[in-house]
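First comes the structure, then the notes that go with it.
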Amino acid sequence: MLAQSWQIYRKDMLVEYRTRERVVTMFVFSLIVVIIFNFAFNAGADVLQRVAPGMIWVAFAFAGMLSASRSFSPEKDRGTFEGLLLAPIDRGSIFLGKLLGNVTLIGLVQLAVLPFFVLFFNMTILPYLSKLLVIFFLGTVGFSSVATLFAAVAVNTRMRDVMLPVLLLPVASPVLIALVETTRTTFEGGDWQDMTNWIRLLSVFTVVFLVASVMLFEYIVEE
């Protein structure tokens, strides 16, 4: 199963490397959001510190939706989606391969946008970079799991670009809220004990979303 997931992931990453279609769009969108918020909240450092966590996760959430929306649409547009489902492989491996691709692209965009975030908001993240990496990883996996699952649902609808956020955001809101709270606490200099409950919530939802998405994917694509 893992070998099959790796082949699907490798194929998607090779296509993305040649076209750079998703990652460039995600980066530009996230950067524009950071710039707009920077001018919208032209205030003191204390105000910026309070709004920065929400702003950065708004940018990454919508960038994640852009990535997820293109998870299955290339195969669907070329008429190869059904062939992929008929291949003699575990359908869970299809989901994991697509999920890994989304996590990779979102992670790359996060790494590219964070320096601009630090520059525009005049903040430093080096003292708590290790905490942010853990938080970002957990949140990205949890959000991408449910986003990839709903992308498989939306790809079979006429208004798939509209359906994805409608389906995704209500379900993913607990993860996004936990991400905002843990990021805010980190920016304020808090330690792990100060955000224990939020980390637990984030971890639980990430595990639940990942396991449930793998289990439900096979039934969803059959509809």
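If you use numbering that gives the first Met the number 0, the sequence shown corresponds to residues 0 to 222, in order.
Backbone N, C-alpha and C fix where the C-beta goes; we use that ideal spot for every residue, glycine too.
Best match in the options for proximity to residue i [C-alpha to C-alpha]
i: LEU104; options: TRP191, PHE61, ARG159; result: PHE61
i: LEU200; options: GLU221, PHE40, SER172; result: SER172
i: PHE136; options: LEU110, VAL210, VAL27, PHE80; result: LEU110
i: LYS97; options: VAL207, TYR8, GLY189; result: TYR8
i: VAL223; options: ALA58, VAL57, ARG21, LEU148; result: Because the chain is modelled from 0 through 222, residue 223 falls outside the range shown and cannot be assessed.
i: TYR16; options: LEU107, ALA39, GLN48; result: LEU107
i: SER68; options: ASN37, GLY100, PHE40, ILE88; result: GLY100
Between the CA atoms of residue j and residue i - distance to the nearest angstrom
i: ILE176; j: PRO52; result: 10 Å
i: LEU95; j: TYR218; result: 15 Å
i: ALA153; j: ALA86; result: 21 Å
i: PHE26; j: GLN6; result: 25 Å
i: GLU81; j: GLN192; result: 48 Å
i: VAL174; j: VAL203; result: 9 Å
i: SER4; j: PHE119; result: 39 Å
i: GLY138; j: THR182; result: 11 Å
Simplified DSSP state of residue i, which is helix, strand or coil
i: PHE94; result: helix
i: GLU221; result: coil
i: ASN101; result: helix
i: SER70; result: coil
i: THR156; result: coil
i: GLY189; result: coil
i: ASN121; result: coil
i: ILE88; result: coil
Extent of the continuous alpha helix (DSSP H) to which residue i belongs
i: ASN37; result: 20–39
i: THR147; result: 128–153
i: GLU81; result: 80–85
i: ILE176; result: 159–186
Q: Count the CB pairs spanning the region 156–166 and the region 130–143 that are closer than 8 Å, and state whether there are at least three.
A: The answer is no - the region 130–143 does not touch the region 156–166, with fewer than three Cβ pairs under 8 Å.
Q: Would you check if there are 3 or more beta carbon pairs closer than 8 Å linking the region 28–43 to the region 122–135?
A: Taking 8 Å as the limit for Cβ pairs, the verdict is that the region 122–135 does not touch the region 28–43.
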